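**Student:** For reference, the structure I am asking about is given below.
Residue numbers (our numbering), protein chains in the order written: chain A, 1 to 264; chain B, 265 to 572.
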């Protein structure tokens, strides 16, 4: 479904802040894969997701989504194939617009924006039903401004928006990192529910090793802009945090330096 | 300080306020909807009138001339949009560049700094002569009010469409908009064009009202526009939540601005000082929300917030 071929990306080339963020990165996702991505700060996890989303052009390499070359496609055109949820709950929704307006914007992802009504009556009913599934009480607040919602509610809504038009690929960029543990668990539960229901191919970055082990059918670990571990199938099911750390030390030849990744 | 002088002057002030109110609605679209302070308007506020008067003098139909004036304003917005999106210039600078260019353009359109149009020779839509003692259908205040209502209705409809919603999203959260497949660059250009089109339309009406277009007639327009927006919000903000009513509050804010201005002039203030007064009033109004958050925010009480 997704194929990254030999991707390179350097930030601030030619300056003192030059940083090789993606270093000959290649990755292939099968249809329906739910891949969790871990790695320390600066390993290139978010950079990889942004490369797929088209936030900026990559220096070298090729990006294919569903067999189609999107390497040169601008961000808003790639959006037709992608559902995205960001780390900051503020990023994924328009705070001054209503819940239903946000959903209606997402419903039209990948379609031309015409002079038809921005939101129709049938849509409202549809959104009400979809919001009920989240079990957050949002179904009775369709016209409330999204800016009034809590971080967890906004992330759940963003998830719904990302999957309203079935995306070929769902990109989750540490979407629970800014939430308290209880809310994070709830948002992860909703994530699993939607991904399983719609059989979505998913890339999920997380700082939490236990989450990375518990969710998805495949786990990759990144370091210095490339993938150093790729575990799937039965091996993934048997993983423990301890075991994952050992494998990391073998693969990288260093200690895992990020305490945050050990927590939880 | 004859009170009768003031009373006689107020209808004219209201008419001017209404005409500038259309410009202020244009400013509202960039400043509030797109979240961009567009300084192009100082130039556009002359371009519309300049195009209108030159076409009228050359025998053009009034409505065609007004349409052309509006179109010229939209082109100015397009120029700013291209500076901003294609050339990557910050929006404020892009507006300043277009504004400066328009000074030359306006001089070239008119051939000199000032072009007059005589209301006795041409059948104009509005004029300062049509304020009192005219048939109701010719009354300038009524005609401009109808213009304002129609414009508000069209904008209300437009910002409820798929395209209009995507424009509002672009101003509110560009990252989210792009993730939802919205072409934010194109939307910014479109918003700037709509805004400057409205400003130029207002300029066409103002040129007719005062009977001339002048290369300096738009100086400080952005400040008047902002004043109208924030006065309208300060007075009607709590009761007018609906988008159409918010646009109406901008028009009302503009009328209030001109009524107050007229009163201040009547009280005998040195008119040379009017611009600095306007600027300071706007500065204070813009500072109020900042001061509110900085000095008057109630400290959050701790405890009982565990489930927040």
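Beta carbons: idealized from backbone N, C-alpha and C, even for Gly. Please read these numbers as outputs of a predicted model, since none were measured by experiment.
Do the stretch 7-19 of chain A and the stretch 192-204 of chain A touch if we need at least three Cβ pairs shorter than 8 Å?
**Tutor:** Contact between the stretch 7-19 of chain A and the stretch 192-204 of chain A is absent, because fewer than three Cβ pairs lie under 8 Å.
**Student:** Is there contact here, the stretch 425-443 of chain B with the stretch 273-289 of chain B, by at least three beta-carbon pairs under 8 Å?
**Tutor:** no
**Student:** Taking C-beta to C-beta, are residue 283/B and residue 477/B nearer than 9 Å?
**Tutor:** Indexing the second chain from 1 puts residue 283/B at position 19. Indexing the second chain from 1 puts residue 477/B at position 213. Against a cut-off of 9 Å, the Cβ pair of residue 477/B and residue 283/B comes out as no contact.
**Student:** Given this structure, state the Cα-to-Cα distance separating residue 146/A from residue 552/B, to the nearest angstrom.
**Tutor:** Numbered from its first residue, the first chain carries residue 146/A at position 146. Numbered from its first residue, the second chain carries residue 552/B at position 288. Their backbone Cα atoms lie some 25 Å apart in a straight line.
**Student:** Using a C-beta cutoff of 9 Å, does residue 178/A count as contacting chain B?
**Tutor:** Along the first chain, read from residue 1 onward, the residue named residue 178/A stands at position 178. For residue 178/A, the answer is no, since every Cβ of chain B falls outside 9 Å of its Cβ.
**Student:** Going by C-alpha distance, which of 525/B, 356/B and 388/B is nearest residue 456/B?
**Tutor:** Taking the first residue of the second chain as 1, we reach residue 456/B at position 192. For residue 456/B, the nearest C-alpha among the options comes from 356/B.
**Student:** Using a Cβ-Cβ cutoff of 7 Å, what residues of the stretch 67-101 of chain A are near chain B? List them in chain order.
**Tutor:** 75, 76, 79, 80, 84, 91, 92, 93, 94, 95, 96, 97 and 101
**Student:** Between residue 117/A and chain B, is there a C-beta pair that is closer than 9 Å?
**Tutor:** Taking the first residue of the first chain as position 1, residue 117/A is located at position 117. At least one chain B Cβ lies under 9 Å of residue 117/A.
**Student:** Do you know how far the Cα of residue 436/B is from the Cα of residue 572/B?
**Tutor:** Start at 1 with the first residue of the second chain, and residue 572/B comes out as number 308. Start at 1 with the first residue of the second chain, and residue 436/B comes out as number 172. Only weak support is given to the placement of residue 572/B: the predicted model assigns it a pLDDT of 42, under 50, and the value that follows is read from those uncertain coordinates. Note on geometry: alpha-carbon atoms of residue 572/B and residue 436/B lie some 25 Å from one another.
**Student:** Can you grab the Cα-Cα spacing for the pair residue 523/B / residue 302/B, in whole Å?
**Tutor:** Here residue 523/B refers to the residue found at position 259 of the second chain. Here residue 302/B refers to the residue found at position 38 of the second chain. Their backbone Cα atoms lie some 25 Å apart in a straight line.
**Student:** Could you check if residue 472/B is buried or exposed, using at least 16 other CB atoms within 10 Å of its CB as the buried criterion?
**Tutor:** Translated into positions along the second chain, residue 472/B becomes position 208. Under this definition residue 472/B is a buried residue.
**Student:** Helix, strand or coil for residue 68/A per DSSP?
**Tutor:** Start at 1 with the first residue of the first chain, and residue 68/A comes out as number 68. The three-state secondary structure of residue 68/A, taken from DSSP, is strand.
**Student:** Answer with yes or no whether the minimum CB distance from residue 497/B to chain A is below 9 Å.
**Tutor:** Here residue 497/B is taken as the residue at index 233 of the second chain, counted from 1. No, its Cβ sits nowhere closer than 9 Å to a Cβ of chain A.
**Student:** Are any of the Cβ atoms in chain B nearer than 9 Å to that of residue 105/A?
**Tutor:** Counted from its first residue, the first chain places residue 105/A at position 105. For residue 105/A, the answer is yes, since a Cβ of chain B falls inside 9 Å of its Cβ.
**Student:** Using a Cβ-Cβ cutoff of 7 Å, what residues of the stretch 416-439 of chain B are near chain A? List them in chain order.
**Tutor:** 424, 425, 426, 427, 428, 429, 430, 432, 433, 436, 437 and 439
**Student:** Comparing C-alpha positions only, which one of 442/B, 467/B, 474/B and 519/B sits nearest to residue 491/B?
**Tutor:** The sequence position of residue 491/B within the second chain is 227, counting from 1. That would be 519/B, whose Cα lies nearest to the Cα of residue 491/B.
**Student:** Taking 9 Å as the CB-CB cut-off, is residue 443/B touching chain A?
**Tutor:** Residue 443/B sits at position 179 when you count from the first residue of the second chain. Yes, residue 443/B lies at the interface with chain A (some Cβ there is under 9 Å from its Cβ).
**Student:** Cα separation between residue 570/B and residue 86/A?
**Tutor:** In the second chain, residue 570/B corresponds to position 306, counting from 1. In the first chain, residue 86/A corresponds to position 86, counting from 1. Confidence at residue 570/B is low in this model, with a pLDDT of 45, below 50, so its placement is unreliable and the value that follows should be read with caution. Those two C-alpha atoms are separated by around 25 Å.
**Student:** Suppose only complete runs of 4+ residues qualify. What are the alpha helix (DSSP H) ranges in the stretch 420-483 of chain B, listed by chain order?
**Tutor:** Look at the stretch 420-483 of chain B and you find these whole runs of alpha helix (DSSP H), each 4 residues long or longer: 426-436, 438-443 and 448-474.
**Student:** Compute the Euclidean distance between the alpha carbons of residue 128/A and residue 391/B, then round it to the nearest angstrom.
**Tutor:** Translated into the one-based positions of the first chain, residue 128/A becomes position 128. Translated into the one-based positions of the second chain, residue 391/B becomes position 127. Roughly 53 Å between the two C-alpha positions.
**Student:** Look up residue 92/A in the DSSP assignment and say whether it is helix, strand or coil.
**Tutor:** Translated into positions along the first chain, residue 92/A becomes position 92. In the structure shown, residue 92/A sits in coil (DSSP, three-state: anything other than H, G, I, E or B).
**Student:** Check whether the Cβ atoms of residue 123/A and residue 132/A sit closer than 9 Å, and answer yes or no.
**Tutor:** In the first chain, residue 123/A corresponds to position 123, counting from 1. In the first chain, residue 132/A corresponds to position 132, counting from 1. Using a Cβ distance threshold of 9 Å, residue 123/A and residue 132/A do not count as a contacting pair.
**Student:** If I measure Cβ to Cβ from residue 348/B and keep anything under 7 Å in the same chain, skipping five residues before and after, which residues do I get?
**Tutor:** Here residue 348/B refers to the residue found at position 84 when the second chain is read from its first residue. Apart from the 5 residues on each side of it in sequence, residue 348/B sits with its Cβ closer than 7 Å to the Cβ of 355, 358 and 452 in its chain, given in chain order.
**Student:** Return helix, strand or coil for residue 101/A, following the three-state DSSP convention.
**Tutor:** For the purposes of this step, residue 101/A is taken as the residue at position 101 of the first chain. Of the three classes helix, strand and coil, the one that applies to residue 101/A here is helix, per DSSP.
**Student:** Give me the Cβ distance between residue 175/A and residue 153/A, rounded to the nearest whole Å; I'm assuming they're in contact under 8 Å.
**Tutor:** For this step, residue 175/A is matched to residue 175 along the first chain. For this step, residue 153/A is matched to residue 153 along the first chain. Actually they do not touch by this definition, with Cβ atoms about 13 Å apart.
**Student:** Whose Cβ in chain B lies nearer than 7 Å to the Cβ of residue 39/A?
**Tutor:** Position 39 of the first chain, counting from 1, holds the residue named residue 39/A. What residue 39/A touches in chain B: nothing, since even the nearest Cβ is about 23 Å away.
**Student:** Check whether the Cβ atoms of residue 49/A and residue 26/A sit closer than 9 Å, and answer yes or no.
**Tutor:** On the first chain, residue 49/A is found 49 positions in, with the first residue counted as 1. On the first chain, residue 26/A is found 26 positions in, with the first residue counted as 1. For residue 49/A and residue 26/A, no; Cβs fall outside 9 Å.
**Student:** Could you list which residues in chain B have their beta carbon closer than 7 Å to that of residue 108/A, in chain order?
**Tutor:** Within the first chain, numbered from 1, the residue matching residue 108/A stands at position 108. 426, listed in chain order.
**Student:** How should residue 440/B be labelled, buried or exposed, when 16 other C-beta atoms within 10 angstroms of its C-beta is the threshold for buried?
**Tutor:** Within the second chain, residue 440/B is the residue found at index 176, counting from 1. That one is buried.
**Student:** Going by alpha carbons, who is nearest to residue 71/A out of 81/A, 58/A and 199/A?
**Tutor:** Your numbering for residue 71/A matches position 71 in the first chain. Measuring from the Cα of residue 71/A, the nearest candidate turns out to be 58/A.
**Student:** Please tell me whether residue 37/A and residue 45/A are closer than 9 Å, where the distance is taken between their beta carbons.
**Tutor:** Taking the first residue of the first chain as position 1, residue 37/A is located at position 37. Taking the first residue of the first chain as position 1, residue 45/A is located at position 45. Yes.
**Student:** Could you compute how far the alpha carbon of residue 108/A sits from the alpha carbon of residue 118/A?
**Tutor:** The sequence position of residue 108/A within the first chain is 108, counting from 1. The sequence position of residue 118/A within the first chain is 118, counting from 1. For residue 108/A and residue 118/A, the distance between alpha carbons rounds to 9 Å.
**Student:** I want to check one thing, is the minimum distance from the CB of residue 367/B to the heavy atoms of the ligand ATP below 8 Å?
**Tutor:** The ligand content of the structure shown is nil, which means the ligand ATP is not present either.
**Student:** Counting only beta-carbon atoms, is residue 168/A nearer than 9 Å to chain B?
**Tutor:** As a working note, residue 168/A is residue 168 in the first chain. For residue 168/A, the answer is no, since every Cβ of chain B falls outside 9 Å of its Cβ.
**Student:** By a C-beta neighbour count over all protein chains shown, 10 Å radius and 16 as the cutoff for buried, is residue 74/A buried or exposed?
**Tutor:** Here residue 74/A refers to the residue found at position 74 of the first chain. The residue is exposed, with fewer than 16 neighbouring Cβ atoms inside 10 Å.
**Student:** Strictly below 9 Å CB to CB, what residues from chain B border residue 128/A?
**Tutor:** As a position in the first chain, residue 128/A is number 128, starting the count at 1. By Cβ distance, chain B contributes nothing, its closest Cβ being about 19 Å from residue 128/A, past 9 Å.
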